Each structure stands twice: as structure tokens, then as C-alpha cells.
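The structure appears below as C-alpha cells.
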Amino acid sequence: MPAAGAPADRLATLPRSPGVYRFRDARGRVLYVGRAAELRSRVRSYWGDLRDRPHLRRMARRIAAVDVLECASEHEAAFVERRLLEASCPPYNWIVADSVEAYLRYDDGTGLAFARDADPQARSFGPYLGSTPARHAAQALNFLFPVAHALGGTSRVARELGRSRGFGAADAPTLRAELFAVLERDPRAVAGAIDRLVASRDAAAATTAFEGAGRVQAQIAGISWITQPVAPERVERLVRDWRLQEVGAARR
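Taken in order, the sequence shown gives residues 41 to 292; the numbers are from the numbering used here.
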């Protein structure tokens, strides 16, 4: 059951979509901002068993209103959350959201590489929020679509790797197109890449190569993260609208 002061009727009607949530007190002041892959279950968890989290118990008693913003994906919600936390400092947000923006930069000679910013002289994809999933995605995509190895790369080792996997220069255009389709979030291309990685993970686990299976699982998570829809213009609009609400509440 919701704790005293919890807006029970509001909790029951929250959407099950990804998004950002905000708790406010009786005066409209923001107490906490967070994000969720599934808003209803995440928000309702604050009125569950919080015996080992006394600071959240104290916060829950002060909540008078719950606001939510539905987003296209959890990744998009992460961008909104970060912007909101940069603009204000809610008292119960002790951990700052990950603020590292990452890009994946493509070159025929080296494949995909992690980068902190976009390069106008190269094909860049992003931004993505969080360096770890971007790095894992790059590792997986370079393995699945080894354009650099097919073209011979920049070293004899790269050429040998290409030959050992049966790829040659004639395969490069197809591999490149398939790689770009994943990075451009084509649903069929993304599903195909993840299916191949799932098969690789399961094969590793079947031979008790659990460390290798864990690495592949991290790569699956990385691709799943970077291919979630994110619309920068929508992020800006959502943040602007919520900030205007906060300013209005502060003036009352």
C-alpha cells in the first residue's frame, strides 16, 4: 500500500512506458528526478519496502505530487534526466546522472571507434549517453561487420583476420551497408545483429565459457542501448516545458 501522503490514485494510472518522473512536495518544490524503463513499476517501488533506505522513506513521506514524462525510450529518458539534473539540484538526488556523451566514429581502415565528440571529417553516429554501452556496441559491431578486415585494414594481422573469417574486399560494401543499417536503427538490422550475438552468447554458456558469455551479453546490452530511439528536439522541448513548471512553482 502507498505510504501516508502518497498520491495513490496517481500511482494506479501511471503509464507503463519509458520516461522521466518527478516528485514534488506540497509547495510544488521538486524533491527528486529519476528515469525508468517502465514508469509505473519504478515509481510505485518508492512505496514498497524501504527499510534499508531511510533517506527514501523520508522523501516518500513528503511527496504530494508525481509528474511523469513519457519518452520514446529509456535512452531518451536518460538525456532528459541528465538535462534536468544539470539545471537544478533536487535535495534527494545524491547521485548525478551519467553525463558522458559518446559517439561512434567510422573509418574503412579501422572500423568503428569510440569518440568523445563527432568528427566533421568522418562518419559519426550519436550522441549516446554513457561511454560503456557505446564501447561494448563498437566491439560487437566490429566483430559482426568486419569491414576493415575485409578490406585488409592497415596491417598484415588485419588482412589475415579477414581471410581467416572468409571475408575479402568484395564483401566490404555489403558489410558496410549492414553495419550502417544497425547504427541507423533499422529494426530488422538491429534484430538480426542481436540474434547473432544471442546465439554466440548461448553457445559460449553451453560450453561453460561463462566469462565469454558475459562479455557478449554486455555487447548485446550496448547495441540495445545505442539503437533505442532518441530525438534531440523532443528532449529539448520536454526539458524546457518542465523547467518552466519548476520556475512557476518556485514563484508561488
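Quick reminder that beta carbons are idealized off the backbone N, C-alpha and C, glycines included.
Predicted model, so just to flag it, every value in this text is computed and none were measured.
{"Asked": "Expected contact under 8 Å - CB spacing of F63 and V106 to nearest Å", "Found": "6 Å"}
{"Asked": "Local Cβ density within 10 Å of L284, reported as buried at 16 or more and exposed below that", "Found": "exposed"}
{"Asked": "Buried/exposed call for H95, threshold 16 Cβ in 10 Å", "Found": "exposed"}
{"Asked": "The segment 136-152 / the segment 167-176 touching (three or more Cβ pairs under 8 Å)", "Found": "yes"}
{"Asked": "Strand pairing of F185, partner residues [DSSP]", "Found": "DSSP lists no partner for F185."}
{"Asked": "Own chain partners of V238 with C-beta closer than 7 Å, once the 5 adjacent residues on each side are dropped", "Found": "I260"}
{"Asked": "Euclidean distance between Cα positions of L216 and R156", "Found": "Sequence inspection shows Arg at residue 216; the Leu mentioned does not correspond to that position. Answer to the nearest angstrom: the Cα atoms are 22 Å apart."}
{"Asked": "Boundaries (first-last residue) of the alpha helix (DSSP H) holding R236", "Found": "P227 to A246"}
{"Asked": "Identified DSSP bridge partners for V106", "Found": "F63"}
{"Asked": "Proximal residues to A271 (C-beta, below 8 Å), its chain only, five neighbours per side dropped", "Found": "A112 and E116"}
{"Asked": "Check whether D159 and A188 have beta carbons under 8 Å apart", "Found": "no"}
{"Asked": "Contacting residues, own chain, Cβ-Cβ under 6 Å from G74 (five flanking each side not counted)", "Found": "Y61"}
{"Asked": "Alpha carbon of P11 to alpha carbon of P213, nearest angstrom", "Found": "The structure shown does not extend to residue 11, since the chain is modelled only from 41 to 292, so the question has no answer here."}
{"Asked": "Per DSSP, the bridge partner or partners of A76", "Found": "G59"}
{"Asked": "R280 versus T172 - alpha carbon distance", "Found": "28 Å"}
{"Asked": "For R50 and W87, the rounded distance between their alpha carbons", "Found": "13 Å"}
{"Asked": "Contacting residues, own chain, Cβ-Cβ under 8 Å from P269 (five flanking each side not counted)", "Found": "A112, S113, H115, E116 and R225"}
{"Asked": "Cβ contact (3+ pairs, closer than 8 Å) linking the segment 250-260 and the segment 218-232", "Found": "no"}
{"Asked": "Integer Cβ distance of W265 from L124, believed to fall under 8 Å", "Found": "Not really, about 20 Å apart at Cβ, beyond 8 Å."}
{"Asked": "Assigned secondary structure, G192 (DSSP; H/G/I helix, E/B strand, else coil)", "Found": "coil"}
{"Asked": "Neighbour-count burial assignment, A177, 16 or more Cβ in a 10 Å radius", "Found": "buried"}
{"Asked": "Chain-order list of residues whose beta-carbon lies under 7 Å from that of A127 (same chain, five-residue window excluded)", "Found": "R283"}
{"Asked": "Those residues which DSSP pairs with F154 across a bridge", "Found": "L144"}
{"Asked": "Sub-8 Å separation of L152 and R236 beta-carbons", "Found": "no"}
{"Asked": "CA-to-CA distance, V70 to A180, given in whole angstroms", "Found": "40 Å"}
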